[in-house]
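Visitor: Quick one: the structure is below, and I'll ask about it shortly.
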Amino acid sequence: MIPRPCRLDERAAPADDNSKLDDEPFDRILIPAAKRTLPPARTVQHHHLRPTPPILKRLRSDSQRLLPLRAHVRPTPPPALPPAPPPREPRSIRAGGVGSGGPSMRSPALLAAVVAALLLAAGARAATEEAYVTLLYGDEFVLGVRVLGKSLRDTGTRRDMVVLVSDGVSEYSRKLLQADGWIVNRITLLANPNQVRPKRFWGVYTKLKIFNMTSFKKVVYLDADTIVVKSIDDLFKCGQFCGNLKHSERMNSGVMVVEPSETLFNDMINQVGSLPSYTGGDQGFLNSYYSDFANSRVFEPDSPLTPEPKTQRLSTLYNADVGLYMLANKWMVDEKELRVIHYTLGPLKPWDWFTAWLVKPVEIWQDIRQTLEESLPGTGGGRNPHDQLVVKILFILPFCLLLFGYYQSCFQTNKELISLRSLCAFARRARHKYKSEESLPSYSVVGSASSFSISNQRVSPLLFSNKSAFQLEI
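Mapping of the sequence shown onto full-length UniProt numbering: position 181 corresponds to residue 181, and the numbering continues sequentially without gaps.
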């Protein structure tokens, strides 16, 4: 900034800062800077003084009557905040009308929210005390466990779903089951001391470990080849041990209700080597352990028994055996009341596509499989990627057999056509021979009802009236 040259009519400012504006020329205070024009700086001559214009003299005289301007401006203090309201006294909440304890609840939605929270907390507590359990020894039954879990979720149950897996289950399958909502617990297999049957019975005694799941108050065990078609939460009202009689005197261990106990489990393990097993597996052992199970009373969910018995039998509705369906080609109970369907046909499992042609209840399993969502990328819903090659081969073989049968049928038709053509040629030759003679003799046919076969054969002799016999061949 270029300093302004000093003028003679301007006095030096005093040392006091408060009087700086008192002696400032009035024209520099009142005239805006945009309109103020200063004369060019001139060299001060002591022997010559610049005359003061009349207008400035008048303004100076007027400025002496004005109050001096102050440079310091006091800031405006902020407005004071209003005082905070005093805290309100707590009011008593009543579900009904106004009472002496305080005003009633203004919104019923708050009461509904509180009740819903209590119900959810109670449901969560129940979910940790009761659970559905299944076993998985290898990847062959992974699809069955997935469909079982989907059928349980479709019933709206809030219980936990736990799957006990052995070392034979791959990491991929475990992640797949976790994505489906299963709680995956790894276990070690128990040796089978009574194995006399197929090799697959080696680790079936591992099922006894469900009796040691003491983290739950009660569990419902389901085989991997079962599906739930209606809610079975009422099974948790059953006694300490519940099962279904597959036949008149044998219990089936595919569906069981168990109240876990470490004492009970240890007692079973101690008797594994001594008690016989008619199947060579866990089912035969349980029939020996609960030898009086056939005399147990039937479980009625609407009519609980008091006191609660230790063992109870489950109705066929909770373990409908497909094998029994095959015997009569119908269910022995009302199909609309079925709860659990058990596909017990040995190697014929519902995930084998060709079983749908043999067993009608497989359609129910397949319908649930079609609704199975894709839990992990690349799983393709309910399809097992390891079985794709087998499925293709099983599809190609029947297709090739169909083509072969069609070819054989066409060849047989052509063969018949060839035989028919031979018959027509024989008729033409015979007619030509008859016409070649001078007079066609009258003749009688001995075998009037004889017919020609498809293959080449000899025609029966024809006897003519002129005692001439001849024999024609095709």
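Think of the CB as a built atom: it goes at the ideal place given N, C-alpha and C, for glycine as much as any other residue.
N185 by DSSP, collapsed to three states: which one?
Guide: Your numbering for residue 185 matches position 185 in the sequence shown. Correct three-state label for N185: strand.
Visitor: Return yes when the Cβ of G239 is within less than 7 angstroms of the Cβ of K349, no when it is not.
Guide: Stepping through the sequence shown from its first residue, residue 349 is reached at position 349. Stepping through the sequence shown from its first residue, residue 239 is reached at position 239. No, they are not a contact pair.
Visitor: What does the alpha-carbon distance come out to for the pair N244 and K150?
Guide: As a position in the sequence shown, residue 244 is number 244, starting the count at 1. As a position in the sequence shown, residue 150 is number 150, starting the count at 1. Roughly 23 angstroms separates the two Cα atoms.
Visitor: Taking the alpha-carbon positions, what's the N319 to S288 distance?
Guide: Counting from one through the sequence shown, the residue named residue 319 turns up at place 319. Counting from one through the sequence shown, the residue named residue 288 turns up at place 288. Approximately 20 angstroms between the Cα atoms of the pair.
Visitor: List in chain order: all unbroken alpha helix (DSSP H) runs of 4+ residues lying wholly within the region 204–275.
Guide: Within the region 204–275, the complete alpha helix (DSSP H) runs of at least 4 residues are 262–271.
Visitor: Under the DSSP definition of a beta bridge, which residues are partnered with M161?
Guide: In the sequence shown, residue 161 corresponds to position 161, counting from 1. DSSP output for M161 lists Y132 as bridge partner(s).
Visitor: At what residues does the alpha helix (DSSP H) containing R153 begin and finish?
Guide: On the sequence shown, residue 153 is found 153 positions in, with the first residue counted as 1. Taken as a continuous stretch (DSSP letters only), the alpha helix (DSSP H) holding R153 covers V142 to D154.
Visitor: Give the DSSP-derived three-state secondary structure of L314 in the structure shown.
Guide: Taking the first residue of the sequence shown as 1, we reach residue 314 at position 314. The answer is strand: DSSP assigns L314 an E or B state.
Visitor: Please state whether DSSP places V359 in a helix, a strand or coil.
Guide: Residue numbering aside, residue 359 sits at position 359 when the sequence shown is read from its first letter. Correct three-state label for V359: coil.
Visitor: Within the same chain, show all residues whose beta-carbon is closer than 6 angstroms to that of I232, passing over the 5 residues directly before and after it, in chain order.
Guide: Residue mapping note: residue 232 aligns to position 232 of the sequence shown, counting from 1. Once the five neighbours on either side are set aside, the close Cβ partners of I232 are R339.
Visitor: Applying the 10 Å Cβ sphere with the 16-neighbour rule, what's the burial state of P108?
Guide: Locating residue 108 in the sequence shown gives position 108, where the first residue counts as 1. Looking at its Cβ environment, which holds fewer than 16 other Cβ atoms inside 10 Å, P108 is exposed.
Visitor: Check V322 in the structure and name its three-state DSSP category.
Guide: For this step, residue 322 is matched to residue 322 along the sequence shown. Helix, per DSSP.
Visitor: Determine the closest residue to T306 out of V204, K237, G156 and Y205, with distance taken between C-alpha atoms.
Guide: If you number the sequence shown from 1, residue 306 lands on position 306. If we check each option's Cα against that of T306, K237 comes out closest.
Visitor: Going by beta carbon distance, what residues of the same chain come within less than 7 angstroms of V169, once the five residues before and after it are set aside?
Guide: The residue you call residue 169 lines up with position 169 of the sequence shown. So the qualifying residues of the chain are L136, G138 and D139.
Visitor: Starting from V340 and walking both ways along the beta strand (DSSP E), at which residues does that stretch end?
Guide: Numbered from its first residue, the sequence shown carries residue 340 at position 340. Unbroken beta strand (DSSP E) run through V340: V340 to H342.
Visitor: Determine the contact status of S296 and R313, defining contact as a CB-CB distance below 7 angstroms.
Guide: Numbered from its first residue, the sequence shown carries residue 296 at position 296. Numbered from its first residue, the sequence shown carries residue 313 at position 313. Yes, the Cβ-Cβ distance between S296 and R313 is below 7 angstroms.
Visitor: Given a threshold of 16 other Cβ atoms within 10 Å of its Cβ, counted over all protein chains shown, does D302 qualify as buried or as exposed?
Guide: Numbered from 1 along the sequence shown, position 302 holds the residue referred to as residue 302. Per the 10 Å Cβ criterion, exposed.
Visitor: Can you round the beta-carbon distance between L148 and K209 to whole angstroms, since I take them to be within the 8 angstroms contact cut?
Guide: Mapped onto the sequence shown, residue 148 falls at position 148. Mapped onto the sequence shown, residue 209 falls at position 209. About 19 angstroms; that fails the 8 angstroms criterion.
Visitor: Starting from the Cα of F241, find the closest Cα among A131, E259 and F354 and give me that residue.
Guide: Position 241 of the sequence shown, counted from the start, is the residue given in the question as residue 241. When each option's Cα is compared against that of F241, the closest is E259.
Visitor: Taking the C-alpha atoms as reference points, what is the distance between F354 and I368?
Guide: For the purposes of this step, residue 354 is identified with residue 354 of the sequence shown, where counting begins at 1. For the purposes of this step, residue 368 is identified with residue 368 of the sequence shown, where counting begins at 1. Looking at the two C-alpha atoms, the distance is approximately 17 angstroms.
Visitor: Classify V333 as helix, strand or coil using the three-state DSSP reduction.
Guide: Translated into positions along the sequence shown, residue 333 becomes position 333. V333: coil per DSSP, three-state reduction.
Visitor: Classify P361 as buried or exposed, calling it buried when 16 or more other Cβ atoms lie within 10 Å of its own Cβ.
Guide: As a working mapping, residue 361 is identified with position 361 in the sequence shown. By the neighbour-count rule (16 or more Cβ atoms within 10 Å), P361 is buried.
Visitor: Whole angstroms is fine: what's the gap from D225's alpha carbon to C410's?
Guide: The residue given as residue 225 occupies position 225 in the sequence shown. The residue given as residue 410 occupies position 410 in the sequence shown. Rounded to the nearest angstrom, the two C-alpha atoms are 44 angstroms apart.
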